[in-house]
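**Student:** Here's a structure for you.
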Amino acid sequence: AKDILVGTRIVWYPIPISLGIACLAFMHYLHIRRREEKDKDHEAQVVALEGPWHVHAYGYLPLRTISRMWGWLNNLTVPLWLREPLYKSYATMFGCNLEEMEDPDLTHYPNLAAFFYRTLKPGVRPLDPKAPLVSPADGTVLHFGLITSQRKVEQIKGITYSLDALLGRQRKPDSSSNPTALAAEPAEGEVLNVARKTHSELVVSEDEFADINSINYSLDKILGDEPGQHTTSKDGKGNPIEHPHAHAAHQLKPGNALFFAVIYLAPGDYHRFHSPSEWSVEKRRHFSGELYSVSPIAVNLIRNLFVLNERVVLLGDWQHGFFSMIPVGATNVGSIKIDFDPELRTNLSKRQLNHPPGTYVEREYQPPVRLHKGDQMGGFMLG
Amino acid sequence: STVVLVFEAPTEFEFMLEAGQKVKVGQAIGKL
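Just so you know, the sequences run in chain order A and B. If you're matching positions, the first sequence starts at 1244 in the working numbering and goes up one per residue. If you're matching positions, the second sequence starts at 12 in the working numbering and goes up one per residue.
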């Protein structure tokens, strides 16, 4: 061994160029992966649960599992003899108006989930013909107002959350992240991108905003649809999609502002939602998240509630510019259904869910889905 | 469950709502 160690002549050979390139590429790949992991961790911290100690204790409950179990239970077929008393009890408890039901025979609803997702008689929800914007759902108005120049949406008086965190921002995916996203949710068909923006990246300097009275800040910044990013989107056949509204068209028009309204659907309310105006839906972002209660009590207690919960962000345009509708799930109604997007699957188990909480999977509608005021768009289903 | 609307509109847009108010599908929630 000593002879080998001492006597062996060391011969140096140049590494083949291809091996050197492969080595550098691998090191670069590791570097990108480390950076993405760091971004994910940071993002998870940004959308962390905030509130008093009992909110944190509540956060430890396996709400997603409870929600799915609740859904399973409510999809069990109810014996015929039990249907009428069960649904009548539910209606009394939660104040359902049974006279508005399209099919008044309670025995025709095989389970509570079907009763919960009942349809209404034609004509019982007349549309206001003059209003530019009508309510998309039956419910209670929790809050409404103007979005501030800091792009904060008020959850309750004095407590706000970030508009960017609610709607999501798009970033240019890199070679290491996109294939993962594509493999992550194949049922979605056209998975485009997974947001991994850190909080610091979301902050746009104040000089990008004009005075709130003459708002002309760039919605491209809010949506992240910066030049170059749009080419990453693909249609169902994998062809790149051009987004006509992804750039200059998303500038707020002079004299316009951003508004918001939050409508809460109580358990007894009709749980389908309709188009609030004439608009076209260009893309959908499915945010994974928790399924905390969104009752007025929870809204008052849990900060960032609408940013934490699983939601479907529908983005598009109406006659005055940008338009967005966001159904937010909750423990008892974690399943969000969008009629024109049958591939969407919400309230999946942790095993099935491939994108971490706070991130989203995006789908482009090509061509955009045109909706008329009052058109049924989807609904919330039990569990 | 909750539905959140975020939209661009002229600054003259006025909500016809009050916090806590019950609304129904199709009911006007704002005017210009």
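For each residue, glycine too, the CB sits at the ideal point set by N, CA and C.
#1: Consider the C-beta atom of A:Ser1378 and the heavy atoms of the ligand SAM; say whether any pair is separated by less than 7 Å.
#2: Would you mind telling me which residues of chain B sit closer than 9 Å to A:Tyr1507, beta carbon to beta carbon, in chain order?
#3: Considering only C-alpha positions, which residue in the set A:Met1336, A:Gly1621, A:Gly1338 is nearest to A:His1514?
#4: Under 7 Å, CB to CB, which of the residues in the segment 1351 to 1379 of chain A have a partner in chain B?
#5: Using a 10 Å radius around the Cβ and a threshold of 16 neighbouring Cβ atoms, would you call A:His1615 buried or exposed?
#6: With DSSP as the reference, identify every bridge partner of A:Phe1566, one or two as the case may be.
#7: Would you report the Cα separation of A:Gly1432 and A:Arg1606, rounded to the nearest angstrom?
#8: Would the beta-carbon of A:Gly1532 fall within 8 Å of that of A:Leu1551?
#9: Look up A:Asn1459 in the DSSP assignment and say whether it is helix, strand or coil.
#10: Can you give the Cα-Cα distance for A:Arg1368 and A:Lys1580, rounded to whole angstroms?
#11: Quick one: which chain B residues come within Cβ less than 9 Å of A:Pro1570?
#12: Let me know the beta strand (DSSP E) ranges lying completely inside the segment 1501 to 1564 of chain A, each 3 residues or longer, listed in chain order.
#13: Decide if the segment 1496 to 1505 of chain A is in contact with the segment 15 to 32 of chain B; the criterion is three or more beta carbon pairs, one per stretch, under 8 Å apart.
#14: Can you tell me the Cβ-Cβ gap for A:Leu1410 and A:Pro1539, rounded? I've got them flagged as a contact below 8 Å.
#15: Against chain B, with Cβ distances strictly below 8 Å, would A:Asn1499 count as a contact?
#16: Taking the alpha-carbon positions, what's the A:Asn1340 to A:Ala1334 distance?
#17: Give the DSSP bridge partners of A:Val1355, in chain order.
#18: State the DSSP-derived secondary structure class of A:Leu1614, mapped to helix, strand or coil.
#19: Going straight from the alpha carbon of A:His1517 to that of A:Leu1558, what length do you get?
#20: Measuring only the C-alpha atoms, how far is A:Thr1308 from A:Pro1259?
#21: Among the candidates A:Gly1302, A:Glu1343, A:Gln1619, A:Gly1314, whose CA atom is the shortest distance from the CA of A:Ser1592?
#22: Tell me the DSSP secondary structure of A:Lys1281 in three-state form.
#23: Could you give the first and the last residue of the continuous alpha helix (DSSP H) run that contains A:Ser1310?
#24: Have a look at A:Arg1326 and A:Pro1353 and give me their C-alpha separation to the nearest angstrom.
#25: Considering only residues of the same chain and omitting the five flanking positions on each side of A:Cys1266, which have a CB-CB separation below 6 Å?
#26: Smallest Cα separation from A:Glu1553: which of A:Gln1562, A:His1563, A:Tyr1535?
#27: Residues in its own chain within less than 8 Å of B:Ala20 by CB, not counting five upstream and five downstream?
#28: Taking 8 Å as the limit between beta carbons, can you name the residues of its chain near A:Pro1379, skipping five residues before and five after?
#29: Work out the CA separation of B:Ala30 and A:Phe1566 for me, nearest whole Å.
#30: On the DSSP letters alone, give me the boundaries of the alpha helix (DSSP H) that A:Val1298 sits inside.
#31: Please state the DSSP three-state secondary structure of A:Thr1475.
**Tutor:** For this structure:
#1: Among the ligands in the structure shown, none appear at all, so the ligand SAM cannot be discussed.
#2: If you number the first sequence from 1, residue 1507 of chain A lands on position 264. Under the 9 Å cutoff, chain B gives Ser12, Thr13, Val14.
#3: As a working mapping, residue 1514 of chain A is identified with position 271 in the first sequence. Out of A:Met1336, A:Gly1621, A:Gly1338, A:Gly1621 has the C-alpha closest to the C-alpha of A:His1514.
#4: Answer in chain order: Arg1368, Pro1369, Leu1370, Asp1371, Ala1374, Pro1375, Leu1376, Val1377, Ser1378, Pro1379.
#5: Here the question's residue 1615 of chain A lines up with position 372 in the first sequence. It is exposed - the Cβ of A:His1615 has fewer than 16 other Cβ atoms within 10 Å.
#6: Looking up residue 1566 of chain A in the first sequence gives position 323. Beta-bridge pairing links A:Phe1566 to A:Gly1559, B:Phe18.
#7: Stepping through the first sequence from its first residue, residue 1432 of chain A is reached at position 189. Stepping through the first sequence from its first residue, residue 1606 of chain A is reached at position 363. Caution applies to A:Gly1432, whose pLDDT of 35 falls short of 50 and renders its modelled position unreliable; the model cannot decide the point.
#8: If you number the first sequence from 1, residue 1532 of chain A lands on position 289. If you number the first sequence from 1, residue 1551 of chain A lands on position 308. Against a cut-off of 8 Å, the Cβ pair of A:Leu1551 and A:Gly1532 comes out as a contact.
#9: Residue mapping note: residue 1459 of chain A aligns to position 216 of the first sequence, counting from 1. Because A:Asn1459 sits at a pLDDT of 32, beneath the cut-off of 50, its placement in the model cannot be relied upon, and the following sentence gives the value as read from the coordinates. A:Asn1459 falls in the coil class under three-state DSSP.
#10: As a first step, residue 1368 of chain A must be located in the first sequence, where it is residue number 125. As a first step, residue 1580 of chain A must be located in the first sequence, where it is residue number 337. Just so you know, the alpha carbons of A:Arg1368 and A:Lys1580 end up roughly 21 Å apart.
#11: As a working note, residue 1570 of chain A is residue 327 in the first sequence. Under the 9 Å cutoff, chain B gives Ser12, Thr13, Val14, Val15.
#12: For the segment 1501 to 1564 of chain A, whole beta strand (DSSP E) runs of length 3 or above, ordered along the chain, are 1515 to 1517, 1522 to 1530, 1554 to 1561.
#13: Yes, since at least three Cβ pairs between the segment 1496 to 1505 of chain A and the segment 15 to 32 of chain B fall closer than 8 Å, the two stretches touch.
#14: On the first sequence, position 167 is the one that residue 1410 of chain A refers to. On the first sequence, position 296 is the one that residue 1539 of chain A refers to. Not a contact, Cβ separation roughly 23 Å.
#15: Taking the first sequence and counting its residues from 1, the one referred to as residue 1499 of chain A is at position 256. Taking CB atoms only, A:Asn1499 has a neighbour in chain B less than 8 Å away.
#16: For the purposes of this step, residue 1340 of chain A is taken as residue 97 along the first sequence, with counting starting at 1. For the purposes of this step, residue 1334 of chain A is taken as residue 91 along the first sequence, with counting starting at 1. CA-to-CA, the gap between A:Asn1340 and A:Ala1334 works out to about 7 Å.
#17: Translated into the one-based positions of the first sequence, residue 1355 of chain A becomes position 112. The sequence given here places Leu at residue 1355 of chain A; Val does not occur at that position. The partner list for A:Leu1355 (beta bridge, DSSP) is empty, contrary to what the question assumes.
#18: Counting from 1 along the first sequence, the entry for residue 1614 of chain A is found at position 371. For A:Leu1614, the three-state secondary structure derived from DSSP is strand.
#19: Working through the first sequence from its first residue, we reach residue 1517 of chain A at position 274. Working through the first sequence from its first residue, we reach residue 1558 of chain A at position 315. C-alpha separation (whole angstroms): 15 Å.
#20: As a first step, residue 1308 of chain A must be located in the first sequence, where it is residue number 65. As a first step, residue 1259 of chain A must be located in the first sequence, where it is residue number 16. Cα to Cα, A:Thr1308 sits roughly 54 Å from A:Pro1259.
#21: One-based indexing of the first sequence puts residue 1592 of chain A at position 349. That would be A:Gly1314, whose Cα lies nearest to the Cα of A:Ser1592.
#22: Counted from its first residue, the first sequence places residue 1281 of chain A at position 38. Residue state, collapsed to three classes: helix.
#23: For the purposes of this step, residue 1310 of chain A is identified with residue 67 of the first sequence, where counting begins at 1. 1306 to 1317 is the extent of the alpha helix (DSSP H) around A:Ser1310.
#24: Along the first sequence, one-based indexing puts residue 1326 of chain A at 83. Along the first sequence, one-based indexing puts residue 1353 of chain A at 110. Taking C-alpha positions only, A:Arg1326 is separated from A:Pro1353 by approximately 8 Å.
#25: In the first sequence, residue 1266 of chain A corresponds to position 23, counting from 1. The beta carbon of A:Cys1266 sits closer than 6 Å to no other beta carbon from its chain once the five residues preceding and following it are set aside.
#26: Counting from one through the first sequence, the residue named residue 1553 of chain A turns up at place 310. The shortest Cα separation from A:Glu1553 among A:Gln1562, A:His1563, A:Tyr1535 belongs to A:Tyr1535.
#27: Locating residue 20 of chain B in the second sequence gives position 9, where the first residue counts as 1. Excluding sequence neighbours, B:Ala20 sits near Gly41, Leu43.
#28: On the first sequence, position 136 is the one that residue 1379 of chain A refers to. Counting only Cβ-Cβ distances below 8 Å, and skipping sequence neighbours, we find Ile1506, Phe1516, His1517, Ser1518, Pro1519, Met1568, Met1620.
#29: Within the first sequence, the letter at position 323 stands for residue 1566 of chain A. Within the second sequence, the letter at position 19 stands for residue 30 of chain B. About 22 Å.
#30: For the purposes of this step, residue 1298 of chain A is taken as the residue at position 55 of the first sequence. Per DSSP, A:Val1298 belongs to the alpha helix (DSSP H) from 1296 to 1302.
#31: In the first sequence, residue 1475 of chain A corresponds to position 232, counting from 1. Summary for A:Thr1475: the model assigns pLDDT 34, below 50, so the residue's position carries little reliability; its value from the coordinates is reported in the next sentence. Assignment of A:Thr1475 by DSSP, reduced to helix, strand and coil, places it in the helix class.
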